[in-house]
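Novice: Chains A and B supply the protein sequences, listed in that same order. For the first sequence, our numbering assigns the number 2 to the initial residue and increments by one for each residue that follows. For the second sequence, our numbering assigns the number 1089 to the initial residue and increments by one for each residue that follows. The beta-carbon is built from N, C-alpha and C at its ideal position, and this holds for glycine as well. The structure displayed is predicted, hence computed values, not measured ones. Quick one: the structure is below, and I'll ask about it shortly.
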Amino acid sequence: MSKEFSGRVVIGVIGDDIHVVGNRIMQLALEESGFQVFNLRTRNRPEHFCEAALEVNADAVFVSSINGEGAHWCADFRHLLVEVGLGHMLLYVGGSLVVGKRPEEEVVRLFKGFGFDRVYHQRPDIDGAIADLFEDLRNGETRRRITAA
Amino acid sequence: MAKPGAESRLHDIERQRQQVLANPLARGLAPTEVGIFLKQLPRERFPANVYSTRGPAPCIQPRGGFPVFDTQLELTRALDQAGADFIPLTIDSCTRHNQYDTASQLLKRSEEEGRSYLNGYPLVCHGHELTRELYRGLAKPVSLRHGTPDARLLAEIAIASGIAEIEGGGLCYCLPYSEGFPIDRCLLYWQYVDRICALYSTPDAAIHRESFGPLTATLVPPAIAVAIQIIEALLAAEQGVVSFAVSFGQTGSFVQDVATARVLRHLTRHYLDEFGFHSVRSFLVYHQWMGQFPTDRAQAAALIVGSAVISNVIGADKIVVKTVDEALGVPRVEVNSEAVATVRYALRTFACGERVSSPLIEEEAALIESEVRSILSAVVALPGDAFWESVYRAFQLGLLDVPFSPHSDNANRLTSVRDGNASIRIADPGKVPISEADAHTERRLLETRADRSDKTYRQMLADITLMA
């Protein structure tokens, strides 16, 4: 593999969710933007993402949830990453993240509280997330250290 | 080489059958008694008889399943009165995954609390004796709609209930619905279903099988859908099924719908004959738009009417209809009945006696046919003792590849987007063995698209939400 990638991203759908369309398009979108993608596809636990991120030396983890189970599965995510020594990992979540209708700001606050760097709730496109990823890869880790301090 | 042939017929399923029927939920179901029961049913309960006497318009079939018996009975009567030609029985997702305990608990809760905790009728929990009562006096076929990889017990109970149309197949009920159910096992379980359908069939009372052509209903190129339909028709014919419907879902392109119907009908007959299954009767079913539906009811109604007109144009034997509330979830009884009336009106108003053709349709049909022939020759040429083994191998190798399948054994190498006519084009065939010339034609046709971009994913997002 001589190809130069912009970064390595682990992606997958969390919970007992088998909505696969967005996952497949996210894979293509990241690949077409120059990333190497490790797609865990459907029905994953947070541990699966952590293991994969370790194995492939990932730069970022993209978690998606379409059936609303996200809120249940994501609460400990950052904590689990810290446990495997990946506390610095860029962590994004997107999809339809909660069951029922709740204001976007509230959902974003909830998931930021879980330790997610970027939260996309019911957004119609994914270009924003990719632009954010490029930006965060330039200064994400540094910024998190500043925020945490 | 493993050509389809009757020598692959399961001759000794008795032991397996005893095991399946030993489940207490089979409630002592005895095939001999079921055979006698089927003999007493009106001949109009069997799809082949209805298809052969239908008028110029396609038969109409709605969808529908509620957990509680009384509600399902109400739906059945309402759809019958609304003029549906086929009565549906849609099964809940717990039963589809063989989780009968959970289905029983949720059925009990639904009965106690008067609201639905299941998204369909838990047929295995209700059993065949009670379910026969749903259809007492009915002179129309009932169609089992589900999505079950292991449907052995479900199909036994359905037939014993007087349901003479079983939808599904080892591929079409595995790839779109399951993430990890082994494809080879699913193919074997569907051989069992095909075999019992054949065993119960008599010349004027055939248990009919139908395949589910829409698959994931997300940018599936017609060549893939048609190849899988023909494979399932051949697998069923191997087991002795004598009445079979192939189907496909509205593609989103008028030209491609007409071309797909033509190729699907023609090649199904061609391959059945080529492998010696001359006596198998084949029919064509059209599914109204199976992708994301508009939430706006006026737009949904327009889409339903448009699809109905196309079903007339392609001379479908049956159209499976949606409702204006499709985007919202399981439709109410009245909305479902209304959809039947709307489609009936459209079929009558836009009758179409002549075969429609144009150079575009001819070109599209020639391309699809050539692709399907390449794919099927490659599948048949794969090693295996039986045809199903070659089919299984084809998935392992990515020769068959269903876009957006959640299944972990699906290759996901093929990518597809729409061209300027909204026809679904193969942008990258992955390992699917279409010829270099056909791949080139697909790419050339893509150039007709106005909003071309180097980012395939942006086009895909727009393509998937085409009708919404």
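Can you name, in chain order, every residue of its own chain whose Cβ lies under 7 Å from the Cβ of A/M2, other than the five neighbours on each side?
Specialist: Along the first sequence, one-based indexing puts residue 2 of chain A at 1. For A/M2, the predicted model reports a pLDDT of 45, less than 50, meaning its position is unreliable; a value from the coordinates is still stated below. Correct list: empty, nothing qualifies.
Novice: Let me see if you follow: with CB-CB separation under 8 Å, is A/T43 close to chain B or not?
Specialist: By 1-based counting over the first sequence, the position of residue 43 of chain A is 42. It does; some Cβ of chain B falls within 8 Å.
Novice: Beta-carbon separation of B/R1133 and B/A1248 under 8 Å?
Specialist: Along the second sequence, read from residue 1 onward, the residue named residue 1133 of chain B stands at position 45. Along the second sequence, read from residue 1 onward, the residue named residue 1248 of chain B stands at position 160. No. Outside cutoff.
Novice: With DSSP collapsed to three states, give me the class of A/E5.
Specialist: To locate residue 5 of chain A, count along the first sequence from 1; it is residue 4. In the structure shown, A/E5 sits in coil (DSSP, three-state: anything other than H, G, I, E or B).
Novice: Just verifying my parser: in three-state terms, what is the DSSP assignment at A/A150?
Specialist: For the purposes of this step, residue 150 of chain A is identified with residue 149 of the first sequence, where counting begins at 1. Residue confidence is low: A/A150 scores 43 on pLDDT, short of 50, so the model does not pin down where it sits. Its coordinate-derived value is still stated next. Three-state result, A/A150: coil.
Novice: Looking at the structure shown, is A/V94 part of a helix, part of a strand, or coil, going by DSSP?
Specialist: Here residue 94 of chain A corresponds to residue number 93 of the first sequence, with the count starting at 1. The answer is strand: DSSP assigns A/V94 an E or B state.
Novice: How about A/V22: is its C-beta nearer than 8 Å to some C-beta of chain B?
Specialist: Taking the first sequence and counting its residues from 1, one reaches residue 22 of chain A at position 21. Chain B, which has a Cβ nearer than 8 Å to the Cβ of A/V22, makes this yes.
Novice: Could you tell me which residues DSSP pairs with B/K1406 in its beta bridges?
Specialist: Along the second sequence, read from residue 1 onward, the residue named residue 1406 of chain B stands at position 318. Paired residues: B/C1147, B/V1373.
Novice: Starting from B/F1475, trace the alpha helix (DSSP H) in both directions and tell me its first and last residue.
Specialist: Taking the first residue of the second sequence as position 1, residue 1475 of chain B is located at position 387. Note, B/F1475: alpha helix (DSSP H), 1475-1485.
Novice: Does B/M1555 get closer than 8 Å to chain A when you measure Cβ to Cβ?
Specialist: To locate residue 1555 of chain B, count along the second sequence from 1; it is residue 467. No, its Cβ sits nowhere closer than 8 Å to a Cβ of chain A.
Novice: Of the residues that make up the segment 106-126 of chain A, which ones have a beta carbon closer than 9 Å to any beta carbon in chain B?
Specialist: For the segment 106-126 of chain A, which is checked against every Cβ of chain B, the residues closer than 9 Å are P125, D126.
Novice: Please determine, among B/F1365, B/W1476, B/V1343, the residue with the shortest C-alpha to C-alpha distance to B/E1451.
Specialist: Here residue 1451 of chain B refers to the residue found at position 363 when the second sequence is read from its first residue. Ranking the options by Cα distance to B/E1451, first place goes to B/V1343.
Novice: Starting from B/F1342, follow the beta strand (DSSP E) in both directions and report where the run begins and ends.
Specialist: The count along the second sequence starts at 1 and reaches residue 1342 of chain B at position 254. Careful: B/F1342 lies outside any beta strand (DSSP E), inside the alpha helix (DSSP H) at 1342-1362.
Novice: Could you tell me whether the Cβ of A/L29 comes closer than 8 Å to any Cβ of chain B?
Specialist: Here residue 29 of chain A refers to the residue found at position 28 of the first sequence. Interface residue, yes.
Novice: From this set, A/A130, A/F135, A/R103, A/R9, which residue's C-alpha is nearest A/D60's C-alpha?
Specialist: Here residue 60 of chain A is taken as the residue at index 59 of the first sequence, counted from 1. Of the candidates A/A130, A/F135, A/R103, A/R9, the one whose C-alpha sits nearest the C-alpha of A/D60 is A/R9.
Novice: The segment 1294-1325 of chain B: which residues have C-beta closer than 7 Å to a C-beta of chain A, in chain order?
Specialist: Residues T1306.
Novice: How is B/I1101 classed by DSSP in three states: helix, strand or coil?
Specialist: Here residue 1101 of chain B refers to the residue found at position 13 when the second sequence is read from its first residue. Coil, per DSSP.
Novice: Which residues in chain B have a C-beta closer than 7 Å to the C-beta of A/I26? List them in chain order.
Specialist: Taking the first residue of the first sequence as 1, we reach residue 26 of chain A at position 25. Near A/I26 (Cβ distances below 7 Å), the residues of chain B are Y1545, M1548, L1549.
Novice: From A/D126, A/L91, A/F135, pick the residue whose C-alpha is nearest to that of B/Y1545; which is it?
Specialist: Looking up residue 1545 of chain B in the second sequence gives position 457. Nearest option by C-alpha distance: A/D126.
Novice: Measure the beta-carbon distance from A/V22 to B/I1456 and round it to whole angstroms, keeping in mind my assumption that it falls under 8 Å.
Specialist: As a working note, residue 22 of chain A is residue 21 in the first sequence. As a working note, residue 1456 of chain B is residue 368 in the second sequence. Rounded, the Cβ-Cβ distance is 24 Å, inconsistent with contact.
Novice: Which residue comes first and which comes last in the beta strand (DSSP E) that contains A/Q123?
Specialist: Walking along the first sequence from the start, residue 123 of chain A turns up at place 122. A/Q123 -> no beta strand (DSSP E), and no H or E assigned at all.
Novice: Taking only beta carbons into account, state which residues of the segment 1250-1269 of chain B come closer than 9 Å to chain A, listed in chain order.
Specialist: Answer in chain order: Y1265, S1266, E1267, G1268.
Novice: Could you confirm whether any beta carbon from chain B is found closer than 8 Å to the beta carbon of A/S3?
Specialist: Position 2 of the first sequence, counted from the first residue, corresponds to residue 3 of chain A. Residue placement at A/S3 is flagged as unreliable, the pLDDT there being 48, under the threshold of 50; a coordinate-derived value is accordingly withheld.
Novice: Any C-beta of chain A within less than 9 Å: which residues of the segment 1437-1469 of chain B qualify?
Specialist: Of all residues in the segment 1437-1469 of chain B, none has a Cβ within less than 9 Å of some Cβ in chain A.
Novice: Under a CB-based cut-off of 8 Å, is B/F1475 close to chain A?
Specialist: Walking along the second sequence from the start, residue 1475 of chain B turns up at place 387. So, not an interface residue.
Novice: On the criterion of 16 or more Cβ atoms from any shown chain inside 10 Å, does B/D1292 qualify as buried, or is it exposed?
Specialist: As a position in the second sequence, residue 1292 of chain B is number 204, starting the count at 1. Looking at its Cβ environment, which holds fewer than 16 other Cβ atoms inside 10 Å, B/D1292 is exposed.
Novice: Comparing the C-beta of A/V10 with each C-beta of chain B, is any distance below 8 Å?
Specialist: Locating residue 10 of chain A in the first sequence gives position 9, counting from the first residue. For A/V10, the answer is no, since every Cβ of chain B falls outside 8 Å of its Cβ.
Novice: Please check the pair B/Q1317 and B/Q1279, which I expect to be a contact at CB under 8 Å, by giving their CB distance rounded to whole angstroms.
Specialist: Looking up residue 1317 of chain B in the second sequence gives position 229. Looking up residue 1279 of chain B in the second sequence gives position 191. Wrong, their Cβ atoms sit about 17 Å apart, outside the cutoff.
Novice: Within 8 Å (strictly less), CB to CB, does B/N1500 reach chain A?
Specialist: Indexing the second sequence from 1 puts residue 1500 of chain B at position 412. Taking Cβ atoms only, chain A reaches closer than 8 Å to B/N1500, which makes this a yes.
Novice: Identify the continuous alpha helix (DSSP H) that holds A/N40 and give its terminal residues.
Specialist: Here residue 40 of chain A corresponds to residue number 39 of the first sequence, with the count starting at 1. That residue, A/N40, is in no alpha helix (DSSP H); its beta strand (DSSP E) goes 36-40.
Novice: For the candidate residues B/R1103, B/F1492, B/P1264, B/S1523, whose alpha-carbon lies nearest to that of B/M1548?
Specialist: In the second sequence, residue 1548 of chain B corresponds to position 460, counting from 1. Answer by Cα proximity: B/F1492.
Novice: Ends of the alpha helix (DSSP H) at B/P1310?
Specialist: The count along the second sequence starts at 1 and reaches residue 1310 of chain B at position 222. Per DSSP, B/P1310 belongs to the alpha helix (DSSP H) from 1310-1326.
Novice: Find the residues of chain B that neighbour A/E48, judging by a C-beta separation of less than 8 Å, and give them in chain order.
Specialist: Position 47 of the first sequence, counted from the first residue, corresponds to residue 48 of chain A. Here the premise fails: no neighbours, minimum Cβ distance about 18 Å.
Novice: Can you list, in chain order, the stretches of the beta strand (DSSP E) that have 3 or more residues and sit fully within the segment 1244-1305 of chain B?
Specialist: If we require 3 residues or more, the beta strand (DSSP E) runs fully inside the segment 1244-1305 of chain B come out as 1253-1255, 1296-1298.
Novice: With B/R1233 as the anchor, note down where its beta strand (DSSP E) starts and where it stops.
Specialist: Stepping through the second sequence from its first residue, residue 1233 of chain B is reached at position 145. Segment 1230-1233, the beta strand (DSSP E) holding B/R1233.
Novice: Identify which residue in B/A1094, B/V1156, B/A1313 has its Cα closest to the Cα of B/R1203.
Specialist: One-based indexing of the second sequence puts residue 1203 of chain B at position 115. Looking at the Cα atoms, B/V1156 is the closest of the given residues.
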